[in-house]
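Numbering (the numbering used here), first residue to last: 325 to 475.
Yeah, the Cβ is synthetic: ideal placement off N, Cα and C, and Gly gets one too.
Working notes for the structure below.
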């Protein structure tokens, strides 16, 4: 699977998706999560991201894959993901080819990172919160917010 700037992303033995370090560092320099926030006011997951942590989720990738399997996302589904962060689960969802995918991310830097994975017309990211998405009612057939469990 190709990632940022054509970087190859591969499945590691532990089940984590990893990118070459230089691609991740380049992305983080361009779009720093939590930019403008003092460290003591920054959400914990962004502090960890700035320290190099790229995958932060309860249950690891195994539980992520189980969640996606249970959701049974089809090509006819309109998917909304809350708090996609660095886009690990977003990429897995996009591989399933849903009719549309909308990410709702409150951090503009993270929204830019996730938007970099989009290749289709009906794939976009809204900068907003779970309580104020700006999305119309009944716009999705599948909604998940896996990363919100770690916040």
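Anyone know if the C-beta pair for residue i and residue j falls short of 8 Å?
{"i": "residue 413", "j": "residue 403", "result": "no"}
{"i": "residue 395", "j": "residue 466", "result": "yes"}
In the DSSP assignment, what are the bridge partners of residue i?
{"i": "residue 406", "result": "428"}
{"i": "residue 449", "result": "427"}
{"i": "residue 456", "result": "453"}
{"i": "residue 467", "result": "404"}
Going by CA-CA distance only, name the one from the options that's closest to residue i.
{"i": "residue 375", "options": "426, 429, 446, 363", "result": "363"}
{"i": "residue 428", "options": "372, 469, 386, 360", "result": "469"}
{"i": "residue 422", "options": "441, 455, 446, 411", "result": "446"}
{"i": "residue 444", "options": "415, 387, 390", "result": "415"}
{"i": "residue 425", "options": "448, 371, 439, 441", "result": "448"}
{"i": "residue 411", "options": "386, 401, 441, 452", "result": "441"}
{"i": "residue 453", "options": "439, 464, 472, 430", "result": "430"}
{"i": "residue 472", "options": "361, 459, 388", "result": "388"}
{"i": "residue 464", "options": "458, 401, 438", "result": "401"}
{"i": "residue 398", "options": "372, 420, 384", "result": "420"}
Residue range of the alpha helix (DSSP H) that residue i falls in?
{"i": "residue 393", "result": "384 to 395"}
{"i": "residue 269", "result": "Any property of residue 269 remains undetermined from this structure, which presents the chain solely from 325 to 475."}
{"i": "residue 416", "result": "412 to 419"}
Quiz item: Is there contact between the region 415 to 435 and the region 387 to 407, where contact requires at least three CB pairs shorter than 8 Å?
Solution: yes
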